[in-house]
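Same order as they appear, the protein sequences are chains A and B. Numbering-wise, the numbering used here puts 93 at position 88 of the first sequence, and it's gapless, one number per residue. Numbering-wise, the numbering used here puts 119 at position 118 of the second sequence, and it's gapless, one number per residue. We put the beta carbon where it would ideally sit given N, CA and C, even for glycine.
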Amino acid sequence: MEIKNLNIFGKNKKVFIKRGNQGNPVVILFHGFPDNFFIWKNVSAGVDERYYQLGINLSDLAGVSLNEAKLIFLSLLKNSGLPLDNGIYFVGHDIGGPVMSYLGDVVKNDIRGSIFLNSLDLDSYRKNIISKQVFKSWYAIVFQLSPYRWAIKNNLLFGKQLFKKLANSHKGEIDFGSIDFYKLFFNSLIGIRNIPTLRGPVFYILSKDDPYIKIPSRKYLNGDITVVRGDHWSVFFDDSISIRIINKKLKSWDLDYAKLKN
Amino acid sequence: MYLPDLYDCFGLDDLKKKQVSKAWSLEEFEKFHSINLNKNFAPINKDFILHDKIEPNELLVVSQFLGLVINSAICELELAIERSKKECYLNIIQRFPVSKEFEELGENFFIEEKKHSDAFNLFLDCFSKTTNVTRSQIRNILPILNESKIEKFFRLNGIIGGQALWLVTAAVEEESIEVFKKMRPHKDSIDPFFYHLHKKHFEEETRHASFAFLMLELINDRSTFAIKKVSQCIDFILSDILQVSWVLSELIKMDNVRKLKDCHPFYENLSKVLPKINEYNIVQLISYLFKESPFVSLILNPRSNKVLSKYLMKEKYLSLR
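This is the structure:
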């Protein structure tokens, strides 16, 4: 895992990069709330070495308009120096899933598939909204208040201590920078406008005991699903079955793509 | 019984591959063209209620009749599982998806259940042919489930999110494993077709019996609290009562054997036994059927289902057991 500083429109942005074997796709990792790209440490080590990997911090894209966020994302990709023309896979956790849906059209033709880890794409969230999911996403409603978001971002209201109490299975660093995405996310769910959808196949890995996701019925999903044991953050443990599932899925998509190409 | 982890898609995939690689085909039974009517089906010991009151040739036909009853009961229950697939399996995995691997294991389970009922049907066909009666004639003396009230109850229960069918399936799977275990020490005295059929059935049942428990775990994990609690309070008691009452009511059909007594000595000898059974009162007969009757007691006597009993206790189901 190599941390790289990139100059994006005059500002320093950190990304993590892992080099793969020539000719293979890039896996772009989108963390959730309240994490940063370090949450991917174990997953990144377990993902097949053939793939290039790029981890971004969502806080670098938050707090600006969606178009600006897309521009920053595009610049991060270009400046990373990774070979994007071999195809791209998206892997996102928590709010990282909906963010993938927003940013998908930046690289739409290059996306070969998207994996949602304890997360759903925007369309599935919207279809699933009239269900227990509303109660499981209670925090997203609280996050709509601007003063609350400001306080959380500045670690007021004992934000970190409170979070550790509420989510005691969370391990690692806490970074509240991605909280602004919840405003966009909420507007997309209740709005009447069309919401962005991702190109390519979609796959969900959901934990059975995740307190923030209600596992939807198949008619509300846009792709295959695998339910695993554990809770919201257990997919990041180094012995997590999710890492093996990700590798299996990427390999099967590679084969599908090769068949399609031939 | 090996119970894989419902949420380990790799373990489920390995189990399915093992089931497929070791599966047998119906061609296994092509070598059997008739039934040896000088051999037993169900082993009968000296504790048998009529042991000292009937002739050896009558004892032989009773053993064969009990074997036919168990074959027909297993065959009918396995077909009922297949017929209730939409309400009790497809709708559930649609509402509560787990993984592609689990669904593949489920599909294989239904393929094997269908194959088992076909195999039991082959035996019953062969028996009808050997004893000069038609299949519909033999159906009149054996347990039949098709479109009965019990089957409709299972489907309705499945539609409202219940678990009754899977509780009965778990019981039937375990019972059919026990049937072969009881048969094994008497291999030489049992008709080769009957023995081979149960041996092959046993092999696949031991590999896939866990599927009913995986379905129960899935429904319990994902149903709402209220449905889960109601289900745990009534589903097992109801399914137990229905299963037992079905077998008892179907056994009464044995009286129809008199109509076939001119077709073959098997039916003639069996009809001679009926008056001797009638000497016992209903309480004595039911008590005997529940406790000691070869094979049939496995269905009627709940204590035989050890794995299921353990599961029911662990999950705190209400039961009459």
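Item: Grouping DSSP H, G and I as helix and E and B as strand, with all else coil, what is Ile151 of chain B?; Value: helix
Item: When the Cα atoms are used, what is the spatial distance from Gln138 of chain B to Leu67 of chain B?; Value: 17 Å
Item: Quick one: give me the first and last residue of the alpha helix (DSSP H) that Tyr154 of chain A is part of.; Value: Correcting the residue identity first, residue 154 of chain A is Arg in this sequence and not Tyr. Note, Arg154 of chain A: alpha helix (DSSP H), 151-158.
Item: To the nearest angstrom, how far is the alpha carbon of Met216 of chain B from that of Leu150 of chain A?; Value: 43 Å
Item: From Ile228 of chain B to Ala171 of chain B, what does the alpha carbon distance come to, in whole angstroms?; Value: 20 Å
Item: Show which residues of chain A have a CB atom less than 8 Å away from the CB atom of Gln95 of chain B.; Value: Ser222, Arg223, Lys224
Item: At least one CB of chain B closer than 8 Å to the CB of Lys213 of chain A: is that the case?; Value: yes
Item: Which residues in chain B sit within 9 Å of Val233 of chain A, going by Cβ to Cβ distance?; Value: Tyr8, Asp9, Cys10, Ser100
Item: Name the chain A residues whose beta carbon is nearer than 7 Å to that of Asp126 of chain B?; Value: The premise fails here: Asp126 of chain B is roughly 40 Å from chain A at the closest Cβ pair, so nothing lies under 7 Å.
Item: Should Asp119 of chain B be flagged as near chain A, meaning a C-beta pair shorter than 8 Å?; Value: no
Item: Is the separation between the beta-carbon of Asn84 of chain A and that of Pro221 of chain A shorter than 8 Å?; Value: no
Item: Using a Cβ cut-off of 8 Å (strictly closer), state whether Arg249 of chain A contacts chain B.; Value: yes
Item: Checking the sheet assignment: what are the DSSP bridge partners for Tyr144 of chain A?; Value: Paired residues: none, contrary to the question.
Item: Quick one: grab the DSSP three-state call for Ser166 of chain A.; Value: Reading off the sequence shown, one finds Gln at residue 166 of chain A, where the question assumed Ser. In this structure, Gln166 of chain A counts as helix in the three-state DSSP scheme.
Item: To the nearest angstrom, how far is the alpha carbon of Glu113 of chain B from that of Gln95 of chain B?; Value: 22 Å
Item: Just reading off the alpha helix (DSSP H) that Lys83 of chain A is part of, what are its end residues?; Value: 71-85
Item: My parser needs the alpha helix (DSSP H) runs of 4 or more residues fully inside the region 36-89 of chain B; what are they?; Value: 57-84
Item: Count the other C-beta atoms from every protein chain shown that fall within 10 angstroms of the C-beta of Ser184 of chain B, then say buried if there are 16 or more, exposed otherwise.; Value: The residue you asked about is not Ser; residue 184 of chain B is Met in the sequence shown. Flag for Met184 of chain B reads buried.
Item: Suppose contacts are defined by Cβ-Cβ distances below 8 Å. Is Asp222 of chain B in contact with Phe42 of chain B by that definition?; Value: no
Item: Using the DSSP secondary-structure output, state which residues sit across from Leu11 of chain A in a beta bridge.; Value: A:Lys18
Item: Could you please give me the residues that DSSP links to Glu128 of chain A through a beta bridge?; Value: Before going further, note that residue 128 of chain A is Asp rather than Glu in the sequence given. BP columns for Asp128 of chain A are empty, so no partner.
Item: So within the region 98-136 of chain B, which uninterrupted beta strand (DSSP E) runs reach at least 3 residues, ignoring any that extend past its ends?; Value: none
Item: Measure the C-alpha to C-alpha separation of Ile251 of chain A and Lys182 of chain B and round it to an integer number of angstroms.; Value: 43 Å
Item: For Asp15 of chain B, which residues in chain A fall below 7 Å Cβ to Cβ?; Value: Simply none; closest approach about 13 Å.
Item: Between Asp256 of chain B and chain A, is any beta-carbon pair separated by less than 8 Å?; Value: no
Item: In chain A, which residues lie less than 8 Å from Asp222 of chain B when you measure between Cβ atoms?; Value: Lys213
Item: Which residues in the same chain as His175 of chain A place their Cβ atom closer than 6 Å to its Cβ, once the five residues preceding and following it in sequence are excluded?; Value: Trp238
Item: Out of B:Ser35, B:Lys54, B:Lys317, B:Asp189, point me to the one whose CA is closest to Pro276 of chain B's CA.; Value: B:Lys54
Item: Hey, could you find the ends of the beta strand (DSSP E) Ser212 of chain A is sitting in?; Value: 207-212
Item: On the CB-based measure, 16 or more other CB atoms within 10 Å of its CB, does Glu280 of chain B come out buried or exposed?; Value: exposed
Item: Alpha carbon to alpha carbon, what distance is there between Val139 of chain A and Tyr217 of chain A?; Value: 9 Å
Item: At the 8 Å Cβ level, is Ile218 of chain A part of the contact set with chain B, yes or no?; Value: no
Item: Closest to Val207 of chain A by CA distance: which of A:Lys9, A:Leu127, A:Asn199, A:Leu81 is it?; Value: A:Leu127
Item: Determine, using beta carbons only, whether Ile230 of chain A comes closer than 8 Å to chain B.; Value: yes
Item: Among residues of its own chain, excluding the 5 on either side of Leu61 of chain B, which ones have a beta-carbon nearer than 7 Å to its beta-carbon?; Value: Asn41
Item: Beta carbons nearer than 7 Å to chain B: which residues of the region 83-101 of chain A have them?; Value: none
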